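Each residue of the sequence shown is one higher than the one before, starting from 7 at the first, in the numbering used here. We put the CB at the ideal spot given by N, CA and C, even for glycine. Every value quoted in this text rests on a predicted model; they were computed, and no experiment measured them. Each remark here refers to the structure printed beneath this line.
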Amino acid sequence: MAARARDALLLNLAASVTPPLRRGFARTALFDLDPGPFQIWAREYDLGVGGHDVYLTIGQNLGAADSPVPVGDVAWQRVWPAVHLPTWPDRGSERATRYTTVTQWWTNQYAFLAGETYDCNKRPGFLEVIDVPRRAGIDVELAANIHPGETEDRALLACHGWRLVDPAVVAGTPESFRRYVQGSRGEFSAAKPAYVRARPGWVSDRTVCYLASGRPCVVQATGAECHLPSSAGLCFFRSPEEAVEAFARVDADYGAASRAARALAEEVFATRVVIPHMLAAAGVA
Numbered sequence: 007m008a009a010r011a012r013d014a015l016l017l018n019l020a021a022s023v024t025p026p027l028r029r030g031f032a033r034t035a036l037f038d039l040d041p042g043p044f045q046i047w048a049r050e051y052d053l054g055v056g057g058h059d060v061y062l063t064i065g066q067n068l069g070a071a072d073s074p075v076p077v078g079d080v081a082w083q084r085v086w087p088a089v090h091l092p093t094w095p096d097r098g099s100e101r102a103t104r105y106t107t108v109t110q111w112w113t114n115q116y117a118f119l120a121g122e123t124y125d126c127n128k129r130p131g132f133l134e135v136i137d138v139p140r141r142a143g144i145d146v147e148l149a150a151n152i153h154p155g156e157t158e159d160r161a162l163l164a165c166h167g168w169r170l171v172d173p174a175v176v177a178g179t180p181e182s183f184r185r186y187v188q189g190s191r192g193e194f195s196a197a198k199p200a201y202v203r204a205r206p207g208w209v210s211d212r213t214v215c216y217l218a219s220g221r222p223c224v225v226q227a228t229g230a231e232c233h234l235p236s237s238a239g240l241c242f243f244r245s246p247e248e249a250v251e252a253f254a255r256v257d258a259d260y261g262a263a264s265r266a267a268r269a270l271a272e273e274v275f276a277t278r279v280v281i282p283h284m285l286a287a288a289g290v291a
């Protein structure tokens with residue numbers, strides 16, 4: 007193990023590997039998977055920034071003029087989330103009726119910057135778009151870990167047309183998660199309010215699985231839309247009205263949107279595209 011480490015790159019996901027365990031590797035890369043909140047928290051806590059050879063992030067918009075998150079003197083290298091296409095074959099030709107997503111309702115995490123609160127719970131984001139299914143005339147299913155005791159939230163979703171399922175049941179294993187995504191018509195998801203405010207350019211690794219499956223996605227804008235080619239398969243919204251309009255476009259020619267979703271995954275998010283770029287950014291290619 008030690009001999010192999012001398013020639014290896016260590017990807018330290020979310021600063022989870024402590025300094026003693028990082029010793030002996032040829033190069034170490036801190037890989038930020040929570041752009042925006044991570045940089046804010048790193049100003050207050052020791053998250054390992056400064057103890058690596060290179061810094062990778064999925065935050066494509068960090069450092070841009072419209073992102074208020076300070077990056078300091080860290081040279082963040084931007085990498086898209088990746089999807090292995092052979093594992094996620096195109097299912098766009100298969101009939102499906104319900105838009106879905108899989109999410110964490112509560113995280114109980116917040117970040118604070120310049121007197122502003124960056125809320126990392128998904129609940130407020132979904133409540134902002136709770137009327138979209140009715141207005142857009144679509145079926146939506148939410149796989150979210152909402153406790154049975156949270157009767158008000160569960161009733162509120164139900165009366166606005168959202169079907170609620172247990173993510174541990176429908177997507178609790180890699181295989182069931184793949185079946186759930188590929189059995190969906192597409193994805194409809196809000197983002198953490200922290201991502202909306204920080205505009206770090208975050209895209210979910212869940213979303214890229216929908217795209218690879220030929221399932222169009224309507225997701226909340228976080229700044230990533232500024233760094234992607236325009237695609238009928240991936241629609242970003244900044245208001246409930248824009249979400250309703252996006253569903254109208256997708257459903258007007260679902261076949262085209264499905265093909266565009268798969269094409270975007272092949273062009274931008276495929277492992278054969280992302281991994282060589284990541285290795286080059288880490289200085290080991």
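ask   = For residue 31, does the three-state DSSP call read helix, strand or coil?
value = coil
key: Within 8 Å, strictly: CB atoms of residue 275 and residue 80   = At least 8 Å separates the beta-carbon of residue 275 from that of residue 80.
ask   = Does the Cβ of residue 41 have 16 or more other Cβ atoms within 10 Å, making it buried, or fewer, making it exposed?
value = With a 10 Å radius around the Cβ and a threshold of 16 neighbouring Cβ atoms, residue 41 comes out buried.
query = Taking the C-alpha atoms as reference points, what is the distance between residue 15 and residue 287?
reply = If I take the Cα positions, the gap works out to 12 Å.
request  = Look at residue 46 and residue 117 and say whether their C-beta atoms are less than 8 Å apart.
outcome  = yes
ask   = Measuring CA to CA, which of 130, 176, 92 is closest to residue 107?
value = 176
DSSP three-state assignment for residue 195, whether helix, strand or coil = strand
ask   = What does a CB cutoff of less than 6 Å around residue 163 pick up in its chain, not counting 5 residues either side in sequence?
value = 170
query = Shortest alpha-carbon distance to residue 39 belongs to which of 206, 166, 249?
reply = With distances taken between Cα atoms, residue 39 lies closest to 206.
ask   = What did DSSP end up calling residue 215 once you bin it into helix, strand or coil?
value = In the structure shown, residue 215 sits in a helix (DSSP, three-state: H, G or I).
Coil, strand or helix - residue 103 by DSSP = coil
Which of helix, strand or coil DSSP assigns to residue 277 = In the structure shown, residue 277 sits in a helix (DSSP, three-state: H, G or I).
ask   = Can you check whether the CB of residue 228 is closer than 8 Å to the CB of residue 202?
value = yes
task = Just grab the DSSP bridge partners of residue 242 for me.
result = Answer is 225.
request  = Look at the Cβ atom of residue 135, then the Cβ atom of residue 71, and state whether they are nearer than 8 Å.
outcome  = No, the pair does not count as a contact, with Cβ atoms beyond the cut-off.
key: Helix, strand or coil at residue 66 according to DSSP, with G and I counted as helix   = coil
key: C-beta atoms of residue 151 and residue 130 nearer than 8 Å   = No, these two residues do not count as a Cβ contact at 8 Å.
task = For the alpha helix (DSSP H) containing residue 157, list its first residue and its last residue.
result = 157 to 165
query = DSSP puts residue 247 in a beta bridge; with which residues?
reply = Beta-bridge pairing links residue 247 to no other residue.
query = Beta-carbon separation of residue 187 and residue 223 under 8 Å?
reply = no
ask   = Would DSSP call residue 257 helix, strand or coil?
value = helix
inquiry  = Suppose contacts are defined by Cβ-Cβ distances below 8 Å. Is residue 278 in contact with residue 96 by that definition?
reply    = no
query = What residue range is occupied by the uninterrupted alpha helix (DSSP H) comprising residue 45?
reply = Residues 43 to 48.
ask   = Should the stretch 244 to 257 be regarded as contacting the stretch 47 to 66, the criterion being three or more beta carbon pairs within less than 8 Å?
value = Counting Cβ pairs under 8 Å, fewer than three are found: no touch.
message = For residue 265 and residue 92, what's the separation of their Cα atoms in angstroms?
response = 16 Å
inquiry  = Check for me: the beta strand (DSSP E) holding residue 122 runs from which residue to which?
reply    = Start and end: 122 to 125.
Rounded C-alpha distance that separates residue 200 from residue 67 = 14 Å
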